[in-house]
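*Asks:* Whatever position you read off the sequence shown (first residue = 1), add 28 for the working numbering.
For each residue, glycine too, the CB sits at the ideal point set by N, CA and C.
I'd like to ask some things about the structure below.
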Amino acid sequence: MILDLGAIFGAVVPLYFAIMLAFLSVRWWKVFTPEQCSGINKFVGDFAVPFLVLDLLTANDPYTMNFHVLAADALQKLVILAPLLVWKSLSKNGSFDWVITLIALSTISNTLLVGLPLVQSMYGHTSSDLLIQLVVLQSLVWFNVLLGMYEYRAARILIAQKFPNTAASIVSVRINPHVASLSDTEQLETDTEIDADGKLHVVLRTLSTSSTISVDSMYSAQSTIELRSSLKRAGSSSTSRSYGTPEGRYHKQGSNSSRVADASFDIEAITEVSEPSIQTGTDSKNLDEGRKENPPAGVVARLIIITVWRKLIRNPNTYASVVGITWSLIAFRYNIKLPLILKGSITIISKTGVGLAMFSLGLFIALQPNIISCKISTVVKCIAVRLIVGPAVMAATSAAVGLHGIVFKTATIQAALPLSIVCFVFAKQYDVHPHIFSTTIITTTALFLPATIVYYLLFRLLP
């Protein structure tokens with residue numbers, strides 16, 4: 029027993045060391061500025077973590093994939109989501125914002141960075157292979173499902189603001205290539221054409237002042253300063269122009285905003301402590317109570333599919349996952365080994381992945397204005413959702429699909445891992461309870477070790 033706990037502490041305490049080192053570097057020693065922290069996060073998001081994913085996938089045999097584990101994971105999401113949607117539909121206190129928040133809090137784990145070292149120290153390499161499968165599923169499916177829910181909310185807000193009385197008349201929407209997200213309605217403008225039947229044809233585009241700024245330039249210190257100053261100047265003006273016939277066949281409207289919404293999952297939102305991008309004062313509950321017309325379902329679906337796809341193809345983890353899975357399918361089918369040069373090139377970067385990612389998490393914690401940014405009662409509820417409700421539902425769904433032994437234990441414990449920082453990135457960009465996600469990430473990162481040890485000891489009592 030003592031040796032088992034020693035192995036667990038030996039695997040997890042170094043993760044805490046990296047977090048603490050980053051925290052002290054910013055809060056006490058003032059080694060890094062926010063711009064430098066943004067650069068570190070950029071490297072982690074674009075290189076370290078994708079290469080880590082690629083390295084893990086190329087060494088994992090896809091032909092031994094445990095589909096029962098994947099089924100249990102999917103069933104957990106559905107079991108939690110279904111009652112939340114019923115509550116949202118039937119209760120006057122129901123809100124789609126809280127549906128998104130609770131499903132993310134209870135189901136999205138920091139599996140890749142924290143889970144792999146932890147479960148491998150508990151149950152060996154077999155458990156780590158299972159977690160790699162869950163990492164792929166989360167990266168390619170669940171992150172994008174969550175993103176789609178956020179984009180659905182943003183689409184409803186956009187349509188409610190731009191077309192409060194004519195939403196049902198919209199028959200088509202074309203989205204400019206510069207539009208990567210609907211998360212900031214103030215930076216978007218709409219060109220509207222009315223055909224002979226009174227139907228609306230909408231073109232959605234970014235303002236010219238923001239669309240000319242490249243995404244990459246946002247990550248250098250100088251470019252960040254220039255971007256903020258230029259958009260601050262631009263934010264003092266707004267436009268609303270009409271063209272065409274006196275009946276207003278063609279109308280163009282727009283206003284300027286704070287910054288361009290980036291399309292990657294790991295962005296400078298992690299290090300900036302400014303206000304969230306959406307400042308609409310509108311939530312899904314208000315939309316349900318106040319809007320009289322709904323747009324056609326196909327219009328909303330098109331908006332969501334296009335924006336989610338654009339984020340997906342700009343995320344380096346997508347390419348790492350696809351390339352890794354493709355290679356492993358070929359390599360394990362025909363017994364081909366990765367060339368030594370390629371293997372070494374991937375490994376030398378992937379080895380920085382866990383350490384730098386945990387260091388980045390420490391930077392995130394240090395740059396928050398408050399460690400606890402919501403009520404204590406809310407913190408306790410969020411911790412309970414993350415560390416108790418999520419694992420309990422996962423244990424039930426795992427048992428339902430027939431999991432047992434180490435596979436059952438691994439599936440349950442991975443559900444008690446800290447909340448993924450991706451949830452905060454999304455929450456901040458779409459302004460859906462970012463303070464709750466920030467606080468939950470910090471507290472669950474601090475508490476997950478004793479929580480998972482309790483689960484581990486309880487499972488030792490099982491046959």
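For Leu475, tell me which candidate among Val41, Gly430, Gly34 has the shortest Cα-Cα distance.
*Replies:* For Leu475, the nearest C-alpha among the options comes from Val41.
*Asks:* Please determine if the stretch 409-424 and the stretch 131-147 are in contact, where contact requires at least 3 C-beta pairs separated by less than 8 Å.
*Replies:* At 8 Å Cβ cutoff, the stretches touch.
*Asks:* Indicate whether the contact test is met: 3 or more Cβ pairs, each with one atom in the stretch 69-87 and one in the stretch 375-390, closer than 8 Å.
*Replies:* The stretch 69-87 vs the stretch 375-390: in contact.
*Asks:* So does the stretch 180-200 actually touch the stretch 150-163, counting three or more Cβ pairs closer than 8 Å?
*Replies:* No: fewer than three Cβ pairs fall under 8 Å.
*Asks:* Tell me whether Val199 sits in a helix, a strand or coil according to DSSP, three-state version.
*Replies:* Three-state DSSP puts Val199 in a strand.
*Asks:* I'd like the span of the beta strand (DSSP E) that includes Val230, first residue to last.
*Replies:* From DSSP, the beta strand (DSSP E) with Val230 extends over 228-234.
*Asks:* On the three-state DSSP scale, how would you describe Leu186?
*Replies:* The answer is helix: DSSP assigns Leu186 an H, G or I state.
*Asks:* Please name the residue in Met422, Thr234, Asn69, Ile470 whose C-alpha comes closest to that of Tyr483.
*Replies:* Answer by Cα proximity: Met422.
*Asks:* From what residue to what residue does the alpha helix (DSSP H) around Ile393 run?
*Replies:* Its alpha helix (DSSP H) spans residues 381-394.
*Asks:* From the DSSP output, read off the bridge partner residues of Ile222.
*Replies:* Paired residues: Leu228.
*Asks:* Would the stretch 321-336 count as touching the stretch 164-182 if we require 3 or more Cβ pairs under 8 Å?
*Replies:* Yes, since at least three Cβ pairs between the stretch 321-336 and the stretch 164-182 fall closer than 8 Å, the two stretches touch.
*Asks:* Just checking my contact of Thr218 with Leu232 at CB under 8 Å: how many whole Å lie between their CB atoms?
*Replies:* Rounded, the Cβ-Cβ distance is 6 Å, consistent with contact.
*Asks:* Look up Pro42 in the DSSP assignment and say whether it is helix, strand or coil.
*Replies:* It is helical.
*Asks:* Can you tell me which residues form a DSSP beta bridge with Glu217?
*Replies:* Glu217 pairs with Arg233.
*Asks:* Please go through the same chain and pick out, in chain order, the residues whose beta-carbon is closer than 7 Å to the beta-carbon of Pro90, but skip the five residues on each side of it.
*Replies:* Excluding residues within five positions, the ones whose Cβ falls inside 7 Å are Ile353, Ser356, Leu357, Phe360.
*Asks:* Taking the alpha-carbon positions, what's the Leu43 to Asp212 distance?
*Replies:* The straight-line gap from Cα to Cα measures roughly 35 Å.
*Asks:* Taking the continuous alpha helix (DSSP H) assigned at Trp115, which residues delimit it?
*Replies:* Taken as a continuous stretch (DSSP letters only), the alpha helix (DSSP H) holding Trp115 covers 95-118.
*Asks:* In angstroms with no decimal places, state the Cα-to-Cα distance between Ser411 and Pro446.
*Replies:* First, the residue type needs correcting, since residue 411 is Ile and not Ser in the sequence shown. Roughly 10 Å between the two C-alpha positions.
*Asks:* Taking Cβ positions, are Val450 and Phe171 nearer each other than 8 Å?
*Replies:* It is a contact, given that the beta carbons lie within the stated cut-off.
*Asks:* Tell me the rounded alpha-carbon separation between Leu103 and Ile222.
*Replies:* One C-alpha to the other measures close to 45 Å.
*Asks:* Please report how far the alpha carbon of Leu340 lies from the alpha carbon of Ala208, in whole angstroms.
*Replies:* Each residue's Cα considered, the two are about 10 Å apart.
*Asks:* CB Lys120 to CB Val127, shorter than 8 Å?
*Replies:* No, Cβ-Cβ distance for Lys120 and Val127 is not below 8 Å.
*Asks:* Please list the terminal residues of the continuous alpha helix (DSSP H) segment that includes Asp125.
*Replies:* That run of the alpha helix (DSSP H) goes 124-135.
*Asks:* When DSSP builds the beta bridges, which residues end up paired with Leu447?
*Replies:* For Leu447, which the question treats as bridged, DSSP gives the partners Ser137.
*Asks:* Is Tyr362 buried or exposed, if buried means 16 or more other CB atoms sit within 10 Å of its CB?
*Replies:* With fewer than 16 other Cβ atoms within 10 Å, it is exposed.
*Asks:* Nearest CA to the CA of Thr375: which residue from Leu85, Leu395, Leu140?
*Replies:* Comparing Cα positions, the closest option is Leu85.
*Asks:* Which two residues bound the contiguous alpha helix (DSSP H) that contains Asn343?
*Replies:* First-last for Asn343: undefined, no H or E at that position.
*Asks:* If you follow the alpha helix (DSSP H) that Asn69 is in, where does it begin and where does it stop?
*Replies:* Unbroken alpha helix (DSSP H) run through Asn69: 62-71.
*Asks:* Roughly how many angstroms separate the alpha carbons of Asp290 and Leu331, rounded to a whole number?
*Replies:* Confidence is the limiting factor: at Asp290 the pLDDT is only 36, short of 50, which leaves the residue's position unreliable and the question unanswerable from this model.
*Asks:* Output the distance between the C-alpha atoms of Pro87 and His229, rounded to the nearest integer angstrom.
*Replies:* Before going further, note that residue 87 is Ala rather than Pro in the sequence given. The alpha-carbon atoms of Ala87 and His229 are separated by roughly 50 Å.
*Asks:* At what residues does the alpha helix (DSSP H) containing His463 begin and finish?
*Replies:* Residues 462-488.
*Asks:* Is the beta carbon of Ile543 sitting closer than 8 Å to the one on Thr480?
*Replies:* Outside the modelled stretch of the chain, which goes from 29 to 491, sits residue 543, for which no answer is possible.
*Asks:* Touching or not, the stretch 424-438 and the stretch 146-158, by the rule of three or more beta carbon pairs under 8 Å?
*Replies:* The stretch 424-438 vs the stretch 146-158: in contact.
*Asks:* Can you give me the Cβ contacts of Leu109 inside the same chain, cut-off strictly under 8 Å, excluding the 5 residues immediately before and after it?
*Replies:* Once the five neighbours on either side are set aside, the close Cβ partners of Leu109 are Val127, Ile131.
*Asks:* Quick one: Cα of Ala325 to Cα of Ser197, how far?
*Replies:* Using only the alpha carbons, I get a separation of about 12 Å.
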